[in-house]
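Quick note on numbering that gives the first Met the number 0: the sequence shown kicks off at 0 and runs consecutively. Note that the Cβ used here is the ideal one computed from N, Cα and C, for glycine as well. Take a look at the structure set out below.
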Amino acid sequence: MTSGGNYSSLRRAQLTYDYLHTNSTTHEFLFGALAELVDNARDASSQKIDIYTEPCESCRGNFILCFRDDGDGMDPSEVGNVIQFGRSVKRTVDSRMIGQYGNGLKSGTMRIGKDMILFTKKGNTMSCLFLSRTFHEKEKIEEVVVPMPSWEVSSKKPFGKSKRELEKHQLELDLILKFSPFKMESQLFEQFNKIGSKGTLVVVYNVKLMDNGEPELDVVSDPSDIKMADPEAGGNVADYDLTMPERISFRAYTAIMYLDPRMKIYIQGKKVRTKRLTTCLYNTKCYDFTSKRFKTRSEQESEKAVREAKIAEEKARELETQARELQKQAEQTSKDKRAELRKAQGLATAARADAQMKTNIAEAKKKSMKEPKTLNFTFGFNIENRRYYGMFIYNCSRLIKMYEKVGPQKDGGVKCYGIIGVVDVPYLVLEPTHNKQDFADGKEFKQLQRALGEHLEQYWKDSKIESQGVTKFWEDFGYIGKWTDGPSMDQKFARKRAMQIPFNVQCDICLKWRKLPFAQKNVGRQLPDEWCCAMHPETDFNSCDRPEQVVPIKKGTLQKQTKSAEEKARELQDEIRKKKEKLSQVERQRPQVAQATTQKRVERVSSAESSSSSTSDTSELYIQRRVQKRPVAESTEITRTKSTKEPLKRRNTTSPITVEAKRKKNDAEATKTLVKKEHQEQREQQIKRREEQRKEEQRKKEAAEKRLKEGKEEQKKKELEHQRQLQLQRKRDEKERQRKQDELEQENKEEEKQEQTLNKDEKEQEQLEMEQLMEWSSEGEYDATILAKGTKVEARVDNSNWYIGTVFASKPKKGFACRVRVKFDMYPKDKYDKWFDHPSEDLRVLKPVEESAPKSPSPSREVSSSTIETPSSRQEQDPKPQQPPARQVKEPVQSPEDNRVSSMSDDTPTADQEHPALKDVVGLFRRCLCYFAPPSFQISKEDIKEMGTEELREFPLDNFIDHYEKGISELIEGFRKKEEEAVQRATNAEQRFREANIERERSTTKLINLRKNAGKLLRFIQEDPNDCALSEDDVSDKVDEMMENIAQQAEDR
């Protein structure tokens, strides 16, 4: 290989600055150009990227567009690789990186605007790259010139130290300050300070304008988004795609741009709520698709990789040889030679690494070429907005095609309407185009579309929507208008849609995805941007150390269409008819073929005999030629007549040689006649044999048709018997269901009777207690001991510790003065409240107040007095029932709910003063709460029954509804699972039933054959077969009886 220095006099291919514009035109979809810069941040292992605009009056469009990430960054040598078009270091064996062509940064930025400046940090270096078409136009430079100055982070001094490097650095810096929005070096350092310790900042300015002079990107109408000013601009877009939010809003596009988002994206300072598309659908199901149809692409890639690996290997060997030769000369050469040696060694090392990488790629592609490719198709219903449907096709987790219509969706009907499909295609299966908006191989992409359409139809069948009604299915989720209308935002429909789709959110710290349980308060709620795992309500997932939740997706299988018995019979009849037509056509052509074959054989025999007899004389040869010209079909008589007449006419003029020739001619003609007869007989025999074969084939076909007909009749009988069995089973099930229903109704009646009896007893007992309490109240024995709300007491819990609390509610109880509910000062929540009997050993009054007893100790009345009396004071009291009570002293009491101070007096209304309608409403509310109370709710049904009006007013109804809806959701999910299990069991039972029938038929056939053989044996061993009691076709139980008798006789002997 000749050294590269020998080519210095040759012309180089030049890259003009016009190519920057030409290269950018590959991006017809403008958001695709912006996405290129987001892809670069993701490939650089960024955890976060900020996309924002800053006002700039000196720039076209009056703003600059910035992309700042916290990725790995680049050092000066890596920045130099950026300006090499087509060079990419991301091409590894199992690379999941999106960039593969080394062109995205240049084409994307030049599509957005005319100029771009890049700031990057890595280690102790910070570099700048300036790519400007404005600079080339004003300086009238044809070649692409890219200034790339670098600094040290710590000292902010130029990275190069030599005089030449410093001069180059200053020239590059002057060009950037002259043609960029940053006019001072300090402004450049401000941009570096925005990056942090490492990362990259890309600034695009002088953005493209539309014909009306406005920028293509709209950053004014929505301050938190970047929108497309004209969605119709660029690309052939269907009308229904223009309304898709992903074609208008860059925030919506970035939300679904990655199949498994692992990077935080901020647009204009607000976080993008990214989605895992497969978890945002209803009734998702995954299908595995395995095919070898994509082998062509793999073969091409494998051959290309092998060629590249060979070239890289040769280049590496050549560079290593050069480095070894220079190393031998380095000891006796100058400093420049040693520098050249280090450079050669570096090139050889890089070439060897590149060759090894390409060899690994070639081996991997060879291996994958032989394996079938497996793809996962995931389908689900978009119940959030059914107007947006189609296939989302990703490549290495990057969105390539969205809302692609396949299969029945192309027809525009209701079939498969509202279904979204998701598939991630590896790079080795299909290669995307450079703009990442399509696939390079159109033929194989059509095969993928065809497979998606087939699996989409299978998913539509598996969903069983047509059986329940397509319209009814969508109406359940709030779609009550036209097919093109959106869903109803009514609360019940919004809640139902939210219950069917899991609420997934990504942690802002660890970037793991978490599933939140359903809650009414989360319907339509926007979570904070800083949501993290610690905010998760469940303890199993409230830490970033916990593993990510796996979202289960049901598996589906593509069911190939099986032909019915009628279709198979129809195809068999068509095939038989075609065979018959072909046979009749062959029979019509057979005589002509046989005649032509016989003619050829006769001519061959005649020519052989004539050639053997013509060697003696030329006149004989002449006679033979005349004989060959005569028709073979003439009869023997005509031949003899001619052969006798011709010699008579010329008898006097012929020689003896001529007579001998005539004799030989006659012998030849006789031989021909014999051969012809023999061939005629052979032909007749062949025709006869073929006719017999045809009859035999006809007989076999008729037998096959007869067997097919008998099989159909037998199948029909079996189906009728199966239907009869099913009808009997249905009748038995109906009778059993009716019996169970009657038993259930009888049990319900008995329970109602028991409940009425219990209610009656409870009412009588309650009436009795009321009368007793009224007697006690009139006698004035226990009135003074009823504790009022707000009384400070000390209670003993679990016979151990004493706690200070306040009486929250009280009610009379037989055998005691009252029963009070205490709210403890240390535990203000309702779930820690407890009931105590008063007076008792577990309750002590701390602050008694002199006050007369209430007027009526009704069980449902809440006592408003704050009077507390000790037993001694009760003995000293003069019991006078008719004396009016003294006026109560007003005392501030602290409310247990909000710690506010309220005054309580005699004017507080009691339960006896409540309106009757209020009592009825309170009772109904209490019954509803008891009826709908979830099993896991913190307040039991018994406590709810004992609550008064004030307690019910403060009842935690929102928490109650959340628990109820959660329980209903779990119950529905349980019923759904039970239904699926029941369907699976029924399917298995039917399968076992069919297998049992088949096995029974096989056993019956074996039994019949066994009995036939046994009958033949019995008839054979009989001395007189005519005296045998068995007939030839007897397969009844009589055969078994005779065999048993013979066996018994043999045993007796």
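For N39, no beta strand (DSSP E) run applies; the uninterrupted alpha helix (DSSP H) run containing it begins and ends at L29 to D42, by DSSP. Look at the beta carbons and you see the segment 203 to 220 touching the segment 109 to 117: at least three pairs across the two are nearer than 8 Å. Q937 carries a coil assignment under DSSP once its states are collapsed to helix, strand and coil.
In this structure, DSSP gives R545 a state outside helix and strand, which the three-state scheme calls coil.
Under the three-pair Cβ rule at 8 Å, the segment 337 to 348 counts as touching the segment 318 to 325. Counting C-beta atoms within 10 angstroms of its own C-beta, Q679 has fewer than 16 neighbours from the protein chains shown and is therefore classed as exposed. In the displayed model, P915 falls within a helix according to three-state DSSP.
Here R524 carries a coil assignment [DSSP, helix/strand/coil]. Its Cα nearest to that of V806, the residue A787 stands out among K309, A787 and M256. Taking a 10 Å sphere around the C-beta of A304, we find 16 or more other C-beta atoms and assign the residue as buried. In this structure K197 touches G72 by the C-beta definition: roughly 4 Å separates them, less than 8 Å. Here T277 is buried. Its C-beta has 16 or more other C-beta atoms within 10 Å.
The residue from K460, K965 and K336 with its alpha-carbon nearest to that of F936 is K965. Per the DSSP secondary-structure output, S290 pairs in a beta bridge with K372. DSSP links Q505 through a beta bridge to W512. Rounded to the nearest whole angstrom, the CA to CA distance from K481 to T25 is 39 Å.
For P75, the enclosing alpha helix (DSSP H) covers residues P75 to V81. Looking at the backbone, the Cα of Q326 and that of L340 are separated by about 6 Å. Ranked by Cα distance from E27, the options P157, W530, K577 and S106 are led by S106. Sixteen is the threshold: since fewer than 16 other Cβ atoms of the shown chains lie within 10 Å of the Cβ of R449, the residue is exposed. The way I'd put it, the segment 374 to 385 does touch the segment 472 to 486; three or more beta-carbon pairs between them come closer than 8 Å. Looking only at S301, E668, H837 and L526, the smallest Cα-Cα distance to V821 is reached by H837.
Counting along the chain, no beta strand (DSSP E) covers A1013; the unbroken alpha helix (DSSP H) around it starts and ends at L956 to I1020. A distance of 8 Å or more separates the beta carbons of V81 and T124. It is roughly 11 Å from the alpha-carbon of S583 to the alpha-carbon of R576. By the criterion of at least three beta-carbon pairs nearer than 8 Å, the segment 436 to 456 is in contact with the segment 409 to 423. If you check the CB distance, S396 and L258 come in under 8 Å.
Close CB contacts of T432 within its chain, under the 6 Å cut and outside five residues either way in sequence, are with A439 (chain order). Secondary structure at C415: coil, using DSSP grouped into helix, strand and coil. Distance from the CA of Q588 to the CA of K581, rounded to the nearest whole angstrom, comes to 11 Å. The DSSP assignment places complete alpha helix (DSSP H) segments of no fewer than 4 residues inside the segment 408 to 486 at 441 to 462, 464 to 467 and 469 to 474, in order along the chain. Beta bridge pairing from DSSP links D49 with R67 and Y265.
Residue range K162 to F178 is occupied by the alpha helix (DSSP H) that includes H168.
Counting the other Cβ atoms within 10 Å of the Cβ of H721 gives fewer than 16, which makes it exposed.
Less than 8 Å separates the beta-carbon of F129 from that of P146. 8 Å or more divides the Cβ of W530 from the Cβ of R275.
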